[in-house]
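Counting in my numbering, the sequence shown runs from 5 upward without gaps. Ideal placement from N, C-alpha and C gives every residue a C-beta, glycine not left out. What you are looking at is a predicted structure, and each value in this text was computed from that prediction instead of being measured.
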Amino acid sequence: MERVRALSGDSSAVPLSLDRLVVVEAAGQGDYEPLRPDVILAFHELCLVRDDGEWFMGQLDDDGSVICWASYGSDLVEAIRSL
Numbered sequence: 005m006e007r008v009r010a011l012s013g014d015s016s017a018v019p020l021s022l023d024r025l026v027v028v029e030a031a032g033q034g035d036y037e038p039l040r041p042d043v044i045l046a047f048h049e050l051c052l053v054r055d056d057g058e059w060f061m062g063q064l065d066d067d068g069s070v071i072c073w074a075s076y077g078s079d080l081v082e083a084i085r086s087l
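Have a look at this one:
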């Protein structure tokens, strides 16, 4: 986590538990597809979610769920730079 905090510049970045709903918005369909993440990293209200080796950017909702809007590829460093 220290590396993630250093790369992001967010000293409050934390891993989140996986026991929550995580979805990605299907492009142009207004629908959601469920993700099965093995890692969720929170940067205040933004999150990076890893599903099948791919990092998705999303937002932590008030109910604890995460709604993602796009994949940022398989490189965590590149995904963090997109924050």
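Proximity winner among CYS51, SER69, GLY68 and ASP56, relative to GLY62 (alpha-carbon distances):
Here the question's residue 62 lines up with position 58 in the sequence shown. The shortest C-alpha separation from GLY62 is found at CYS51.
Cα-Cα separation between SER16 and ILE44, rounded to whole angstroms:
Counted from its first residue, the sequence shown places residue 16 at position 12. Counted from its first residue, the sequence shown places residue 44 at position 40. So the two alpha carbons sit approximately 14 Å from each other.
In chain order, what residues of the same chain lie with their CB nearer than 6 Å to the CB of SER75, ignoring the 5 residues before and after it?
Here residue 75 refers to the residue found at position 71 when the sequence shown is read from its first residue. Hits under 6 Å: GLU58 and PHE60.
Any heavy atom of the ligand HEM closer than 7 Å to the beta-carbon of ALA31?
Among the components of this structure there are no ligands whatsoever, and the ligand HEM is therefore not found.
On the CB-based measure, 16 or more other CB atoms within 10 Å of its CB, does LEU39 come out buried or exposed?
The residue labelled residue 39 in the question sits at position 35 within the sequence shown. The residue is buried, with at least 16 neighbouring Cβ atoms inside 10 Å.
With DSSP run on the structure shown, which of helix, strand or coil describes ALA74?
The residue labelled residue 74 in the question sits at position 70 within the sequence shown. Looking at ALA74 - three-state DSSP - the assignment turns out to be strand.
To which residues of the same chain is VAL8 closer than 8 Å at the C-beta, ignoring the five residues directly before and after it?
Within the sequence shown, the letter at position 4 stands for residue 8. Excluding sequence neighbours, VAL8 sits near ALA17, LEU45, LEU80 and ILE84.
Is VAL70 near ARG24, with beta carbons less than 8 Å apart?
Counting from one through the sequence shown, the residue named residue 70 turns up at place 66. Counting from one through the sequence shown, the residue named residue 24 turns up at place 20. Yes, these two residues count as a Cβ contact at 8 Å.
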